[in-house]
Amino acid sequence: MTAVPTRRLEDWRYSDIAQVARAWPVAAEVVQVAAGTAETRMVVQDAGPGSATIRQFDVVIEAGGALAFHIINSGGAYGRVALDVALHAGARFDLGGIIIAGGEQVLEIVTTVRHLGPGAVSKQVVRCVAGGTATATYLGKVAVARAGQQTDAAQSFKALLLDRGATANAKPELEIFADDVKCAHGATVGELDRNALFYLESRGVPPLAAQALLTRAFLSDALAGIGDDDAREAAEARVTALLEAVA
1 MTAVPTRRLE
11 DWRYSDIAQV
21 ARAWPVAAEV
31 VQVAAGTAET
41 RMVVQDAGPG
51 SATIRQFDVV
61 IEAGGALAFH
71 IINSGGAYGR
81 VALDVALHAG
91 ARFDLGGIII
101 AGGEQVLEIV
111 TTVRHLGPGA
121 VSKQVVRCVA
131 GGTATATYLG
141 KVAVARAGQQ
151 TDAAQSFKAL
161 LLDRGATANA
171 KPELEIFADD
181 VKCAHGATVG
191 ELDRNALFYL
201 ESRGVPPLAA
211 QALLTRAFLS
221 DALAGIGDDD
231 AREAAEARVT
241 ALLEAVA
């Protein structure tokens with residue numbers, strides 16, 4: 001697609017089209033996972049203030065291959081990370097995505113995961129924290145072809161709104177043409193648990209520190225799949241720093 005997208009397109013319905021035009025056109029980054037191999041990938045979208053960034057990944061995971069893909073999307077006035085993933089027989093795709101948005105930012109994670117062969121597995125965990133008047137969006141589509149029998153696919157999106165002016169959009173979607181599959185999705189949007197805040201504060205934790213603890217814990221699900229301890233600790237430290245900016 002060479003023309004700038006419009007809001008008439010489902011994948012762009014919540015986007016800031018004026019900012020999209022600044023970053024258009026976009027060249028896709030290709031990720032190829034060979035049969036029977038396992039790879040990991042971390043993408044951090046931390047562009048400077050006022051910028052517009054779109055990163056598109058075209059991912060192919062061959063038979064029996066596995067990819068653990070993690071995203072931290074936090075930078076710029078507009079930031080979008082999009083993945084188109086093709087899974088062949090017995091392949092596995094794990095996504096852990098985090099959006100941390102503040103001010104007037106518009107940040108998005110958009111995924112299309114195609115189960116093309118039998119026995120493939122995909123698990124997507126996306127967590128979002130939004131403050132100010134920011135807009136955070138997750139659009140996730142799982143498409144199971146007729147050949148994709150014994151598919152196991154799951155999508156989980158949860159958003160935490162720190163301010164009443166913040167917005168979170170979620171649209172997990174299933175398109176299934178096989179008849180022997182296990183597919184599930186869920187999406188929730190809410191605020192910090194007032195009872196949990198009260199509990200921590202009653203134990204002597206200052207209010208801001210209590211909010212920070214609960215918020216970091218909320219995001220931890222999306223980082224749990226990072227197998228390397230050093231890499232996970234580095235990601236957690238980055239997330240902690242980003243949360244301080246939107247608190």
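Under the UniProt record's numbering, residues 1 to 247 are what the sequence shown spells out, in order.
Where is the CB? At the ideal position from N, CA and C, for every residue including glycine.
Between residue i and residue j, which are expected to be in contact by the criterion C-beta below 8 Å, what is the C-beta distance as a whole number of angstroms?
{"i": "residue 134", "j": "residue 166", "result": "5 Å"}
{"i": "residue 76", "j": "residue 101", "result": "Incorrect: roughly 10 Å between the Cβ atoms, too far for contact."}
{"i": "residue 191", "j": "residue 160", "result": "7 Å"}
{"i": "residue 172", "j": "residue 148", "result": "That pair is no contact at about 18 Å."}
{"i": "residue 196", "j": "residue 214", "result": "6 Å"}
{"i": "residue 11", "j": "residue 139", "result": "6 Å"}
{"i": "residue 177", "j": "residue 144", "result": "6 Å"}
{"i": "residue 252", "j": "residue 74", "result": "Absent from the model: residue 252. The displayed extent of the chain is 1 to 247, so no value can be given."}
{"i": "residue 72", "j": "residue 238", "result": "6 Å"}
For residue i, report the span of its alpha helix (DSSP H) as first-last.
{"i": "residue 219", "result": "207 to 219"}
{"i": "residue 198", "result": "194 to 202"}
{"i": "residue 246", "result": "229 to 246"}
Along the chain, where does the beta strand (DSSP E) that runs through residue i open and close?
{"i": "residue 166", "result": "No beta strand (DSSP E) holds residue 166; DSSP gives it neither H nor E."}
{"i": "residue 109", "result": "106 to 115"}
{"i": "residue 124", "result": "121 to 130"}
{"i": "residue 152", "result": "151 to 161"}
{"i": "residue 188", "result": "181 to 190"}
{"i": "residue 139", "result": "135 to 144"}
How about residue i and residue j: do their beta carbons lie closer than 7 Å?
{"i": "residue 110", "j": "residue 82", "result": "yes"}
{"i": "residue 130", "j": "residue 142", "result": "no"}
{"i": "residue 45", "j": "residue 96", "result": "no"}
{"i": "residue 151", "j": "residue 120", "result": "yes"}
{"i": "residue 98", "j": "residue 55", "result": "no"}
{"i": "residue 58", "j": "residue 26", "result": "no"}
{"i": "residue 38", "j": "residue 64", "result": "no"}
{"i": "residue 222", "j": "residue 106", "result": "no"}
{"i": "residue 91", "j": "residue 61", "result": "yes"}
{"i": "residue 88", "j": "residue 116", "result": "yes"}
{"i": "residue 84", "j": "residue 112", "result": "yes"}
{"i": "residue 66", "j": "residue 225", "result": "no"}
{"i": "residue 256", "j": "residue 22", "result": "The first residue shown for the chain is 1 and the last is 247, placing residue 256 beyond what the model contains."}
{"i": "residue 4", "j": "residue 24", "result": "yes"}
{"i": "residue 168", "j": "residue 136", "result": "yes"}
{"i": "residue 163", "j": "residue 204", "result": "no"}
Can you tell me whether DSSP reads residue i as helix, strand or coil?
{"i": "residue 19", "result": "helix"}
{"i": "residue 224", "result": "coil"}
*What runs of the beta strand (DSSP E), each 3 residues or longer, lie entirely inside the stretch 73 to 101?*
Here the runs fully enclosed are 78 to 87, 92 to 101.
*beta strand (DSSP E) runs contained entirely in the stretch 29 to 80, provided each spans 3 or more residues*: With a minimum length of 3 residues, the continuous beta strand (DSSP E) runs that stay inside the stretch 29 to 80 are 29 to 33, 38 to 45, 52 to 61, 66 to 73.
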